[in-house]
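Heads up: the structure comes next, in structure tokens.
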Amino acid sequence: MITSKLPNVGTTIFTQMSQLAVEAGALNLSQGFPDFDGPQALRDAVGRHIASGHNQYAPMTGLPTLRQQVAAKITRCYGVEVNADTEVTITPGATQAIFCAIQAVVQRGDEVIVFDPSYDSYEPAVALAGGRCVHVQLNRDDFAIDWQKLGDALSPRTRMIILNAPHNPSGALISRAELDQLAALIRDRDIYLVSDEVYEHLVFDGVRHVSVLAHPELYQRAFVVSSFGKTYHVTGWKTGYVVAPPTLSSELRKVHQYVSFCGVTPLQYALADFMAEHPEHVDELPAFYQAKRDLFCDLLRPSRFSFTRVAGTYFQLMDYSQIRPDLNDLDMAIWMTREYGVAAIPVSVFYQDPPQGQRLVRLCFAKREETLRQAAEKLCVI
Ligand SMILES: Cc1ncc(COP(=O)(O)O)c(C=O)c1O
Numbered sequence: 031m032i033t034s035k036l037p038n039v040g041t042t043i044f045t046q047m048s049q050l051a052v053e054a055g056a057l058n059l060s061q062g063f064p065d066f067d068g069p070q071a072l073r074d075a076v077g078r079h080i081a082s083g084h085n086q087y088a089p090m091t092g093l094p095t096l097r098q099q100v101a102a103k104i105t106r107c108y109g110v111e112v113n114a115d116t117e118v119t120i121t122p123g124a125t126q127a128i129f130c131a132i133q134a135v136v137q138r139g140d141e142v143i144v145f146d147p148s149y150d151s152y153e154p155a156v157a158l159a160g161g162r163c164v165h166v167q168l169n170r171d172d173f174a175i176d177w178q179k180l181g182d183a184l185s186p187r188t189r190m191i192i193l194n195a196p197h198n199p200s201g202a203l204i205s206r207a208e209l210d211q212l213a214a215l216i217r218d219r220d221i222y223l224v225s226d227e228v229y230e231h232l233v234f235d236g237v238r239h240v241s242v243l244a245h246p247e248l249y250q251r252a253f254v255v256s257s258f259g260k261t262y263h264v265t266g267w268k269t270g271y272v273v274a275p276p277t278l279s280s281e282l283r284k285v286h287q288y289v290s291f292c293g294v295t296p297l298q299y300a301l302a303d304f305m306a307e308h309p310e311h312v313d314e315l316p317a318f319y320q321a322k323r324d325l326f327c328d329l330l331r332p333s334r335f336s337f338t339r340v341a342g343t344y345f346q347l348m349d350y351s352q353i354r355p356d357l358n359d360l361d362m363a364i365w366m367t368r369e370y371g372v373a374a375i376p377v378s379v380f381y382q383d384p385p386q387g388q389r390l391v392r393l394c395f396a397k398r399e400e401t402l403r404q405a406a407e408k409l410c411v412i
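Residue numbers (the numbering used here): 31 to 412.
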């Protein structure tokens, strides 16, 4: 009998709900991916690069042209310079970047602080490194950091804190003042950060994302992670990157080179071309997704769900306490999928210890207008 290294891990809720959506013929607003394609020019570029022979291994750290485009984008968006050679590493997805950062730093017996609700890939990666996650709950109303709880959770064994802003599943942002407060709290401690910023370009209402890249003190101890999949509507390409100071990047690369060695070559060429030719793509993303958020929320106004429009990401939380307070959120998500044809994600799966009586499901609005209209029609009759 094999002794599982991850005894508590099964098939994720994202796979389960997507399967149930197919079985029930429901609209899938559960897993976070668009039901529309990435830009035509980007897709055409992949074909061009495959046809022209860009089909062998890329450099371990990523194609230089793509790393340079990432560095240029960072300067444009956040006003800071990073070295494309020593600080930027292209990875097969943000998930792999996060995994490698954790393996590079976390040692047996170390503690890693994650904020609940938290993305599901963090904890298994910490467990495989021999560490232990310490779960700190975000505020229940606005999903901001509770500084008292964070302070209480720090210990001499704390080796890493994982931040995620814009935050999945709540859409909450982080402010410069909060980053300052975090810096003050960990200033004299040997603690590293993973800053999961995969939704960095999905921030609404004229607000700008505050990146750890633009916080010099925190950046010195940070791995900042992003995903081309989210930014260019190509989640299936599983291509991301991590930016970290040279000494941290060099440790991360030691892991990355044996987990995958490199990312997919023609995809990297295509992304580099597209970023060079269409730098405006990232500037247009907030308005693009804000229009989807607003359409969806406007259509849901007559429904019995209650909600506050999200500040970022492509997820909208919906409180269903007026509809079926008797159902826990997993049962609610299953019921909505089977009976009303809209698949959602229960928010309790993002917690180690879900708050009592919380009645929230997460819906993904990275969908065509037609899908959002159909989904809203169904949700309004629940
Ligand atoms: C918070 C968060 N981090 C990381 C990822 C993974 O990104 P990738 O598909 O590039 O691995 C996701 C995808 O849903 C996410 O929501």
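Quick reminder that beta carbons are idealized off the backbone N, C-alpha and C, glycines included.
On a Cα-Cα basis, can you pick out the residue from the options that is closest to residue i?
{"i": "valine 294", "options": "Pro276, Ser280, Leu278 and Tyr271", "result": "Tyr271"}
{"i": "glycine 371", "options": "Pro89, Ile32, Gln126 and Ser48", "result": "Ser48"}
{"i": "aspartate 171", "options": "Arg189, Ala213, Ala202 and Gln178", "result": "Ala202"}
{"i": "proline 309", "options": "Pro196, Ile175, Lys179 and Ala101", "result": "Ala101"}
{"i": "histidine 311", "options": "Leu278, Phe258, Thr91 and Ile32", "result": "Phe258"}
{"i": "asparagine 38", "options": "Leu158, Leu93, Cys107 and Leu57", "result": "Leu158"}
{"i": "glutamine 382", "options": "Gly123, Asp115, Gly40 and His165", "result": "His165"}
{"i": "valine 118", "options": "Glu369, Ala341, Arg354 and Pro275", "result": "Pro275"}
{"i": "leucine 50", "options": "Ala373, Phe304, Tyr350 and Phe173", "result": "Ala373"}
{"i": "phenylalanine 395", "options": "Glu247, Pro64 and Leu184", "result": "Pro64"}
{"i": "leucine 184", "options": "Asp140, Ile204, Glu227 and Ala195", "result": "Asp140"}
{"i": "tryptophan 267", "options": "Ala300, Arg138 and Val285", "result": "Ala300"}
{"i": "alanine 426", "options": "Asp218, Asn85, Val340 and Arg368", "result": "With the chain running from 31 to 412 in the structure shown, residue 426 is simply not present."}
{"i": "threonine 42", "options": "Tyr319, Thr95, Ile216 and Glu153", "result": "Glu153"}
{"i": "glutamate 314", "options": "Gln250, Arg251, His231 and Gln386", "result": "His231"}
{"i": "arginine 189", "options": "Gln70, Arg251, Phe318 and Thr91", "result": "Arg251"}
{"i": "aspartate 226", "options": "Ala195, Leu215 and Tyr249", "result": "Ala195"}
{"i": "threonine 45", "options": "Leu93, Gln61, Pro94 and Glu53", "result": "Gln61"}
{"i": "arginine 219", "options": "Arg238, Gly181, Leu93 and Phe129", "result": "Gly181"}
{"i": "proline 94", "options": "Phe145, Gly77 and Ala114", "result": "Ala114"}
{"i": "arginine 238", "options": "Tyr249, Tyr108 and Arg78", "result": "Tyr108"}
{"i": "glycine 387", "options": "Gln352, Leu215, Gln211 and Glu407", "result": "Gln352"}
Could you tell me the alpha carbon to alpha carbon distance between residue i and residue j, rounded to whole angstroms?
{"i": "leucine 393", "j": "lysine 260", "result": "16 Å"}
{"i": "aspartate 328", "j": "isoleucine 143", "result": "37 Å"}
{"i": "tyrosine 288", "j": "glutamine 126", "result": "12 Å"}
{"i": "serine 336", "j": "valine 255", "result": "32 Å"}
{"i": "aspartate 67", "j": "lysine 397", "result": "10 Å"}
{"i": "valine 136", "j": "glycine 160", "result": "7 Å"}
{"i": "tyrosine 344", "j": "proline 147", "result": "16 Å"}
{"i": "isoleucine 191", "j": "isoleucine 221", "result": "7 Å"}
{"i": "serine 151", "j": "glycine 123", "result": "12 Å"}
{"i": "glutamate 400", "j": "leucine 357", "result": "29 Å"}
{"i": "alanine 207", "j": "serine 241", "result": "12 Å"}
{"i": "arginine 323", "j": "methionine 31", "result": "49 Å"}
{"i": "phenylalanine 380", "j": "tyrosine 149", "result": "6 Å"}
{"i": "alanine 213", "j": "arginine 354", "result": "42 Å"}
{"i": "alanine 155", "j": "glutamine 133", "result": "7 Å"}
{"i": "glutamine 404", "j": "lysine 35", "result": "43 Å"}
{"i": "tryptophan 177", "j": "histidine 84", "result": "49 Å"}
{"i": "proline 316", "j": "threonine 338", "result": "18 Å"}
{"i": "isoleucine 80", "j": "glutamate 53", "result": "36 Å"}
{"i": "serine 82", "j": "lysine 284", "result": "31 Å"}
{"i": "glycine 40", "j": "phenylalanine 145", "result": "21 Å"}
{"i": "isoleucine 175", "j": "glutamate 247", "result": "19 Å"}
Can you list, in chain order, the residues of its chain whose CB lies under 6 Å from that of residue i, leaving out five sequence neighbours each side?
{"i": "aspartate 235", "result": "none"}
{"i": "histidine 245", "result": "Leu209"}
{"i": "alanine 131", "result": "Val224, Phe253 and Leu282"}
{"i": "valine 110", "result": "Leu243 and Ala244"}
{"i": "proline 384", "result": "Ser378"}
{"i": "valine 112", "result": "Ala101, Ile104 and Val273"}
{"i": "valine 228", "result": "Ala124, Ser256, Ser257 and Lys260"}
{"i": "tyrosine 129", "result": "Reading the sequence as shown, one finds phenylalanine at residue 129 and not tyrosine. Closer than 6 Å at the Cβ level, and outside the excluded window around phenylalanine 129, lie Ala155."}
Please check the pair residue i and residue j, which I expect to be a contact at CB under 8 Å, by giving their CB distance rounded to whole angstroms.
{"i": "arginine 389", "j": "aspartate 359", "result": "6 Å"}
{"i": "isoleucine 412", "j": "arginine 334", "result": "7 Å"}
{"i": "glycine 342", "j": "valine 233", "result": "4 Å"}
{"i": "threonine 116", "j": "serine 279", "result": "6 Å"}
{"i": "arginine 106", "j": "isoleucine 120", "result": "Contact doesn't hold; Cβ gap of about 18 Å is too wide."}
{"i": "leucine 59", "j": "tyrosine 262", "result": "So it is not a contact: roughly 21 Å between Cβ atoms."}
{"i": "phenylalanine 326", "j": "leucine 402", "result": "5 Å"}
For residue i, which residues from the same chain have a beta carbon less than 7 Å from its beta carbon, with the 5 sequence-adjacent residues on both sides left out?
{"i": "alanine 88", "result": "Cys292, Gly293, Thr295 and Gln298"}
{"i": "alanine 306", "result": "Gln99"}
{"i": "phenylalanine 173", "result": "His197, Ser200 and Ala202"}
{"i": "aspartate 303", "result": "Ala75"}
{"i": "serine 205", "result": "Val240"}
{"i": "arginine 187", "result": "Gly139, Asp140 and Glu141"}
{"i": "glutamine 211", "result": "Trp177"}
Is residue i close to chain C, meaning its C-beta is less than 8 Å from at least one C-beta of that chain?
{"i": "asparagine 169", "result": "In the displayed structure, chain C is absent; only one protein chain is listed."}
What does a CB cutoff of less than 8 Å around residue i pick up in its chain, not counting 5 residues either side in sequence?
{"i": "glutamate 391", "result": "Just to set this straight, residue 391 is valine in the shown sequence, not glutamate. The answer, listed in chain order, is Leu347, Met348, Tyr350, Asp359, Met362, Ala363, Met366, Ala374, Ile375, Pro376 and Val377."}
{"i": "alanine 321", "result": "none"}
Query raised in the report: What residue ranges within the region 167–225 form continuous beta strand (DSSP E) runs of no fewer than 3 residues, ordered along the chain?
Result: Correct list: 188–194.
Requested in this report: Please go through the region 68–144 and give each complete beta strand (DSSP E) segment of 3 or more residues, from N-terminal end onward.
Outcome: For the region 68–144, whole beta strand (DSSP E) runs of length 3 or above, ordered along the chain, are 118–121.
Query raised in the report: In chain order, which beta strand (DSSP E) runs of at least 3 residues are fully inside the region 284–353?
Result: With a minimum length of 3 residues, the continuous beta strand (DSSP E) runs that stay inside the region 284–353 are 345–349.
Requested in this report: Measuring from each Cβ to the nearest heavy atom of ligand 2, keep the ones under 6 Å and list them in chain order.
Outcome: This structure simply doesn't include ligand 2; it includes ligand 1 instead.
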